[in-house]
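S.K.: Chains as they are written, first to last, in the working numbering: chain A, 255 to 446; chain B, 737 to 1014; chain C, 317 to 551; chain D, 2 to 337; chain E, 6 to 445; chain F, 60 to 300. My questions will all concern the structure given below.
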Ligand SMILES: Cc1cc2nc3c(=O)[nH]c(=O)nc-3n(C[C@H](O)[C@H](O)[C@H](O)COP(=O)(O)O)c2cc1C
Ligand SMILES: Cc1cc2nc3c(=O)[nH]c(=O)nc-3n(C[C@H](O)[C@H](O)[C@H](O)COP(=O)(O)O)c2cc1C
Ligand SMILES: Cc1cc2nc3c(=O)[nH]c(=O)nc-3n(C[C@H](O)[C@H](O)[C@H](O)COP(=O)(O)O)c2cc1C
Ligand SMILES: Cc1cc2nc3c(=O)[nH]c(=O)nc-3n(C[C@H](O)[C@H](O)[C@H](O)CO)c2cc1C
Ligand code: SF4
Ligand code: SF4
Ligand code: SF4
Ligand code: SF4
Ligand code: FES
């Protein structure tokens, strides 16, 4: 149990996917200008991460046993296809949900966080539940970083940011500052 | 090592591809929603300034209107003619005729000729000044010279000159209308470029009262009405008003006897460009 | 699509459309592995290899790839090359392979590579596609080495593991930690923007007499120069 | 045209008393006793370090600030420099203090557009940077100086070079002792400040008094420190009751580490704290909670800096969530 | 009766009333010319009835009410209409106005009673008489009084709130009215209560006017349910929403009117004027104006004809000091600067404040430090800090989401802001811009 | 990024999958310029073929690089084991199961799943100790290490950190600080990390400024030994006997 908690917390804050492991930076930079969007992006991310974790558990247990060297190609094909399928289904079944979450799905497919999760999960030999805790923690961690960044960016939109810092320069410096702040969580629950 | 792992791996990868390819195909067939791909293609050809000169709320909306045939490519005044042809070709429509317009200022009362009756003490914005006793300018209709219009123009077509009057560079102006929205005194109008006769004043004061506040005000003397062709100019509330439906008969003569120079014949820029000698 | 010369195809990606510094693509590897020059170089070259390989293959095979599944096929191709790179690196340079860790695998999802396939390789002849890939890959490597160089020099006091400042140098550990990655790239972008701004000002100053383009003086401490940027508020 | 005699301006035509520079300078003034006590405890090293961090902050503000030297007059950069200095260990090389001040102002303030626009507390950001960049130097506490006049470490290490005497001087702060050696420091020593620590860490009582003065003059939002103290005291008290051996009591928790300095001077930085009263309570409670979590379960012995920085990041969110209900708004709709 | 002790937030500017608080109300000599703009009240401007050259008597209607929410304008002096045209208006711009050259030798009293006696009239008839007499609120907004006296059917009014706060610094005309004309105020209250068909009135007076509280308490008629309440001194106590909150503990809904919570608020000066109109039989053609401030030589409370030009008023008050630097119609918190000495006094002009260079010295503005003092000051609980930064970016429509329209431009936020950010000016600007270009 | 969003589906597919009813939100005639219609079968087959090719290519490279990779891995293991077992003459890998330590079945080597320990032997063929890998959370992330343990004397033979993301300059001293690493040889578990060693058995002097990482190393070894010690001792009894 405490192992699961640690995996969860580690992925959430200590080794936050975005701020400490540099995974999923493209959406972090791109979709973090409004809090609303960031929240939805985060939700979509959690969903895809969980789906990924489940399929990775499945693939590792049944398909890749004999050929671990095929994992990159297998993971990417399966994840990309599943996301696409889910997207198409949502688009048809619930246009509302699609507007809220669906439009972010294709963005997420080509996002390091997803494949990163798959590979970390495999490398660390996480089982089903551990993988799930990892995925949820990572997803929430991504969402946290996204939403914090978005609310800060909304604030700086009203500020007299010098012209050279407008845009990504400032975003990266904010990310760096957040990352400095998150260093405070280092060693959480493992210092005993 | 053994060839068996070759077979294994081919089977695994091909199998995964086949299974998921089929899944996608099926789901796609069942759930597809159609969206005209030409919209995206058109957006890529548009300039992307999102200026609104085409009277739609942005380039994408304009692309949708183009695809649906509600608009003609020429409505976008920012695109170069070649680009316009590209778009027309992509959509298989006529490019249409552009009717170039330009922003004109209905005031010439710079700080050298117009009276400032009280000093405005507040932050520098025409909108803000207009909310405080009209900004302290003697003529309540006139330009406050605090450059809201200059800031609003994304295309840098407006520059304030040394007399605090905004000067529009006609070649840069796309007639997007931002300055019209920005000016709290409603001094900008978008006019076709071939309208050359302009009354550069909105003051409703007459005679000495008008003269006292601004040396270039229209004081309602009525000489231009007499000098212009019939029906081109009329006096309303002590101000000369041009009827642009009669524009064909307008000529520079109307400006000849104006005692203040309020009425002007403008070919290019309204005032001397601040980048020039002045 | 506008016509470009081969030189443009080659040089564009190197600087003017640098994938990391200008287009902000592929940031994850650009930040994650650049804590020293060696890793940056290895990552850059691996990406370079994958990019060139897949661009070549894509532009060779584009006739046979149906439009509907082109992206799936591109991903397959890229993933194949990545696996190859991964295996080769593991066989030839095991230490670096270990240092780069999962990020070799993550080249698959580097948006830059897929972007080049979609935007260029799939529409151009083989030669041009390869030129473009070489340029972009070199640009990526260049950016990575810039980042890695800065971070290694400050963070370890060395360049390519050669100590620069002697033994009593106090390394700025933060530079090789995650915040250092963000901050270094941020500062790099600030520098670029500053440079660009200065260049533009010079050009402007050349054409327009001084004083004409002065900022309106901010009154009462409020910089109103940004009011122009508020046009979006009606939307 | 001739100059008009009369002027026109917008209402209101009268103004309240305080101005931003007055507030800032009165904070600087209130820091004088704190600085004095730092110098009393740590000798010339303290004065040198404070000067270096202020120099870093002011120089950066002057060189890169949007309106150059005029900005210095508002006093905020001086506060940043002083407060940063107060969080540093007395033996730190001066060049590091200078770097911290420059980083804090440059990346914590000027990139956002200067005073009032930043999100993170510049002084703490500078300190967090130093802590991440030079983790050893910044956790090296002097054991004891031979005389008041001697330096407390290698303050004069050459720029970019390591301090020479890193190991010889290292001691431990009360928090370090507690966390890593399960040794409690007596509350008396803590309150009086006769322990190892950073310049401002040992002057809890002085800081409290100065803060009280500022709060009375309304230059400081008293709700934030109040909320931090309450949260910390409650949590620490509760845990202490559960397991007195593992968890230190409230007095220790309040007076150890930079909690006093952080709660009174840093969490209250108006720019980086919420604007609403409710937001201030939440902000303080969040800091208190994070301090306890990091100190007790985290890897670091001290958590105040990180707690404040993390809550700074949440401020835009808190502000948005605690918008006051507009006068006359239907009750059910209020809130958002 | 539940009563909130005070309203939340607000500010405490020094009241500076000692300049004129002891000056009894005096009449100034007739000016040579009066200028009567057709827009002197909230609502539609009056419709012009005269032409240049016409001869008018004092009290003649020269502009007729243009609808229900409108009010007629009467000649405030006998004379000849010199011209009609744009004229500087206290609101800033030029407005159509009637210039009357005062006839030096005419009897300035009309030949007959123009307003009927109220005692014999039914409520409806009183209300019509009020409109015909051009009575509007004298407290600042110049809202036509007859509108307040005819509440719509879906509102049940139970209390008349008499606004004697005069919370603006410097101004003392209401104070003097309460001291000198307490009985007339109560006659006015009687008339209003009759029209509204209710019994109860509450008078709110700030405690910095103890003599007024005393006088009003003593003069209160025993047969009516009248309560005179002394209130803590705080600006903007006199704003009707705040006053209703304090006196009745009711919160006027956002976007609503006092009528929504069963109250009618009227300024003491307006009520006294209502009574005076019926007493003298003359319509509203003159009013009491406090002329005060460090920039004027002889401050005082004057009765002047509506339409008196600023220059005449100043001359009657001893002229401008050498360092007079700004002239304000109204009080220092909400009053508007005027640029021209030709600007006429309107029905709603309660005071003229002349500030000297000392008070108008430009103070440096600093960046907002998010200190939150503006939030602590705003009596309607807005977030001026956020609104201010939005205004600087001209995000006007986003300001609407932050309830810009609830802002009453009281100026508390600007007063409190240590960074000297012209918050309420920004909001006024935003409101003006939105009026010009309604948000999409 | 969605591949088929902007395409049009083939006739066959439309007929086969949605019957004859027309899709409502679709113009009746699509512009011909938008590419030839492709049957979904061909699509799938292309994908499959591409997949097969990809699989082929990968497996060929895999087979080609496998010897080198295996060699590197073995070398890394050898280095680590040699170090923590104090230069044994030879060693052999055993797999840890519930039952105890068992010899590896040679055919299907599954390094990914099996937990391995390495028993070292001296020239005389006597088992000198066992090298065990273990990993747990450190200051930043997982710390992975290998340690040598001699069940006969009950002391450690050595420790080597294989993988850690601890802070350079601080936490990474668990790897780089020779003095710290040397303490493990001869220490008698259960270990304890202390600040100022008093000379008791099993004490490890923790690194200043990296107490947490030091403690993590100690904790990892203690936990691992606690789990494995009975099995190791049982195995040794067998071997020794
Ligand atoms: C901020 C503010 C302050 C006000 N202060 C006063 C005041 O002190 N005295 C007053 O009679 N009216 C004041 N008013 C006007 C009242 O809200 C209200 O309009 C008036 O009392 C109604 O009476 P009237 O129609 O007779 O003018 C104030 C309004 C505002 C918005
Ligand atoms: C359409 C309209 C209807 C009004 N109806 C009433 C009313 O029924 N009762 C009332 O007391 N005031 C009424 N008012 C007056 C306002 O509440 C208020 O007195 C006036 O706008 C100025 O007040 P202030 O100075 O406090 O802002 C009305 C105003 C308007 C614009
Ligand atoms: C940026 C930073 C990185 C750190 N990294 C480590 C680390 O990797 N391992 C570790 O044990 N302590 C690390 N620490 C220090 C711990 O937080 C803690 O202060 C230290 O272990 C206490 O040891 P001491 O009491 O010997 O000083 C780090 C601290 C900072 C600020
Ligand atoms: C009560 C108070 C506390 C402050 N605390 C800090 C602080 O902790 N750190 C800092 O850099 N500036 C502080 N300042 C100064 C100023 O607000 C700060 O430099 C701004 O964050 C810069 O935008 C403080 C100012 C006041 C009035
Ligand atoms: S001058 Fe006016 S209309 Fe022309 S481009 Fe500029 S803002 Fe638009
Ligand atoms: S034209 Fe209008 S917006 Fe432009 S400076 Fe003049 S008043 Fe201002
Ligand atoms: S002016 Fe508006 S925002 Fe400011 S305090 Fe008054 S009501 Fe509030
Ligand atoms: S009072 Fe002024 S400085 Fe303070 S938060 Fe409000 S606007 Fe900002
Ligand atoms: S490179 Fe990581 S998400 Fe794009």
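Don't be surprised by glycine CBs; every beta carbon is placed ideally from N, CA and C.
Might you give, ordered along the chain, the residues of its own chain that have their beta carbon closer than 8 Å to the beta carbon of residue 91 of chain F, omitting 5 neighbours on each side?
M.R.: One-based indexing of the sixth chain puts residue 91 of chain F at position 32. Interpretation of residue 91 of chain F is limited by its pLDDT of 36, a score under 50 that renders its predicted location unreliable; the figure taken from the coordinates is listed afterwards. Here the set comprises nothing.
S.K.: How about residue 271 of chain F: is its C-beta nearer than 8 Å to some C-beta of chain D?
M.R.: Residue 271 of chain F sits at position 212 when you count from the first residue of the sixth chain. Chain D contact via Cβ: present.
S.K.: Measuring straight from C-alpha to C-alpha, what distance separates residue 429 of chain E and residue 372 of chain E?
M.R.: Along the fifth chain, read from residue 1 onward, the residue named residue 429 of chain E stands at position 424. Along the fifth chain, read from residue 1 onward, the residue named residue 372 of chain E stands at position 367. Whole-angstrom Cα-Cα distance: 16 Å.
S.K.: How would you list, in chain order, the residues of chain B whose beta-carbon sits under 7 Å from the beta-carbon of residue 428 of chain A?
M.R.: For the purposes of this step, residue 428 of chain A is taken as residue 174 along the first chain, with counting starting at 1. The premise fails here: residue 428 of chain A is roughly 26 Å from chain B at the closest Cβ pair, so nothing lies under 7 Å.
S.K.: Could you tell me which residues DSSP puts in a beta bridge with residue 79 of chain E?
M.R.: The sequence position of residue 79 of chain E within the fifth chain is 74, counting from 1. Secondary-structure assignment with DSSP links residue 79 of chain E through a beta bridge to E:66.
S.K.: Output yes if chain C places a C-beta closer than 8 Å to the C-beta of residue 116 of chain F; else output no.
M.R.: For this step, residue 116 of chain F is matched to residue 57 along the sixth chain. True, the Cβ-Cβ gap to chain C drops below 8 Å.
S.K.: Excluding five sequence neighbours on each side, which residues of the same chain lie with their C-beta closer than 8 Å to the C-beta of residue 872 of chain B?
M.R.: For this step, residue 872 of chain B is matched to residue 136 along the second chain. Excluding sequence neighbours, residue 872 of chain B sits near 852, 853, 854, 855, 856, 865.
S.K.: Quick check on the burial criterion: 16 or more other C-beta atoms within 10 angstroms. Buried or exposed for residue 379 of chain E?
M.R.: Counting from 1 along the fifth chain, the entry for residue 379 of chain E is found at position 374. Looking at its Cβ environment, which holds 16 or more other Cβ atoms inside 10 Å, residue 379 of chain E is buried.
S.K.: Can residue 908 of chain B be considered in contact with ligand 6, in the sense that its beta carbon sits closer than 7 Å to one or more heavy atoms?
M.R.: Counting from 1 along the second chain, the entry for residue 908 of chain B is found at position 172. The answer is no for residue 908 of chain B.
S.K.: Can you name the start and end residues of the beta strand (DSSP E) that residue 297 of chain E belongs to?
M.R.: The count along the fifth chain starts at 1 and reaches residue 297 of chain E at position 292. Note, residue 297 of chain E: beta strand (DSSP E), 291-297.
S.K.: From residue 336 of chain C to residue 408 of chain A, what distance separates their C-alpha atoms?
M.R.: Position 20 of the third chain, counting from 1, holds the residue named residue 336 of chain C. Position 154 of the first chain, counting from 1, holds the residue named residue 408 of chain A. In a straight line, the C-alpha of residue 336 of chain C is about 24 Å away from that of residue 408 of chain A.
S.K.: Is the Cβ of residue 174 of chain E closer than 8 Å to any Cβ of chain B?
M.R.: For the purposes of this step, residue 174 of chain E is taken as the residue at position 169 of the fifth chain. No, its Cβ sits nowhere closer than 8 Å to a Cβ of chain B.
S.K.: I'd like to know whether the C-beta of residue 258 of chain A is nearer than 8 Å to at least one C-beta of chain D.
M.R.: Looking up residue 258 of chain A in the first chain gives position 4. Chain D, which has no Cβ nearer than 8 Å to the Cβ of residue 258 of chain A, makes this no.
S.K.: Assign residue 282 of chain F to buried or exposed, taking buried as 16 or more other Cβ atoms, counted over all protein chains shown, within 10 Å of its Cβ.
M.R.: Stepping through the sixth chain from its first residue, residue 282 of chain F is reached at position 223. With a 10 Å radius around the Cβ and a threshold of 16 neighbouring Cβ atoms, residue 282 of chain F comes out exposed.
S.K.: Of all the residues that make up the region 237-253 of chain F, which are near chain B by a beta-carbon distance shorter than 9 Å?
M.R.: none
S.K.: Below 8 Å between beta carbons: does that hold for residue 128 of chain E and residue 264 of chain E?
M.R.: Reading the fifth chain from its first residue, position 123 is the one you call residue 128 of chain E. Reading the fifth chain from its first residue, position 259 is the one you call residue 264 of chain E. No.
S.K.: Return yes when the C-beta of residue 912 of chain B is under 7 Å from any heavy atom of ligand 5, and no when it is not.
M.R.: As a working mapping, residue 912 of chain B is identified with position 176 in the second chain. At least one heavy atom of ligand 5 is nearer than 7 Å to the Cβ of residue 912 of chain B, so yes.
S.K.: Would you list the residues whose beta-carbon is nearer than 6 Å to any heavy atom of ligand 9, in the order they occur in the chain?
M.R.: A:278, A:279, A:280, A:365, A:366, C:342, C:343, C:344, C:426, C:427
S.K.: Measure from the alpha carbon of residue 132 of chain D to the alpha carbon of each residue in D:65, D:165, D:93, then state which is nearest.
M.R.: One-based indexing of the fourth chain puts residue 132 of chain D at position 131. Nearest of D:65, D:165, D:93 to residue 132 of chain D, Cα basis: D:93.
S.K.: Do you know offhand how far residue 284 of chain F's Cα is from residue 101 of chain D's?
M.R.: Counting from one through the sixth chain, the residue named residue 284 of chain F turns up at place 225. Counting from one through the fourth chain, the residue named residue 101 of chain D turns up at place 100. Between residue 284 of chain F and residue 101 of chain D, the C-alpha separation is close to 45 Å.
S.K.: Quick one: is the Cβ of residue 924 of chain B within less than 7 Å of any heavy atom of ligand 6?
M.R.: Translated into positions along the second chain, residue 924 of chain B becomes position 188. Shortest gap from the CB of residue 924 of chain B to any heavy atom of ligand 6: under 7 Å.
S.K.: Since residue 24 of chain D is in the alpha helix (DSSP H), which residue starts that stretch and which ends it?
M.R.: Working through the fourth chain from its first residue, we reach residue 24 of chain D at position 23. Segment 21-43, the alpha helix (DSSP H) holding residue 24 of chain D.
S.K.: Pull up the distance between the alpha-carbon of residue 295 of chain A and that of residue 81 of chain D, whole angstroms please.
M.R.: Position 41 of the first chain, counted from the start, is the residue given in the question as residue 295 of chain A. Position 80 of the fourth chain, counted from the start, is the residue given in the question as residue 81 of chain D. Distance from the CA atom of residue 295 of chain A to the CA atom of residue 81 of chain D, rounded to whole angstroms, is 37 Å.
S.K.: Does chain D have any CB closer than 8 Å to the CB of residue 246 of chain E?
M.R.: Residue numbering aside, residue 246 of chain E sits at position 241 when the fifth chain is read from its first letter. Cβ-Cβ to chain D under 8 Å: yes for residue 246 of chain E.
S.K.: Between residue 881 of chain B and ligand 6, is the CB less than 7 Å from at least one heavy atom?
M.R.: Your numbering for residue 881 of chain B matches position 145 in the second chain. The answer is yes for residue 881 of chain B.
S.K.: Taking Cβ-Cβ distances below 8 Å as the criterion, which residues of the region 222-234 of chain F are in contact with chain D?
M.R.: 226, 228, 229
S.K.: Based on the DSSP output, what are the partners of residue 207 of chain E in its beta bridges?
M.R.: Locating residue 207 of chain E in the fifth chain gives position 202, where the first residue counts as 1. Looking at the DSSP output, residue 207 of chain E sits in a beta bridge with E:166, E:232.
S.K.: Under DSSP, the alpha helix (DSSP H) around residue 744 of chain B begins and ends at which residues?
M.R.: Here the question's residue 744 of chain B lines up with position 8 in the second chain. Where residue 744 of chain B is concerned, the enclosing alpha helix (DSSP H) stretches over 740-767.
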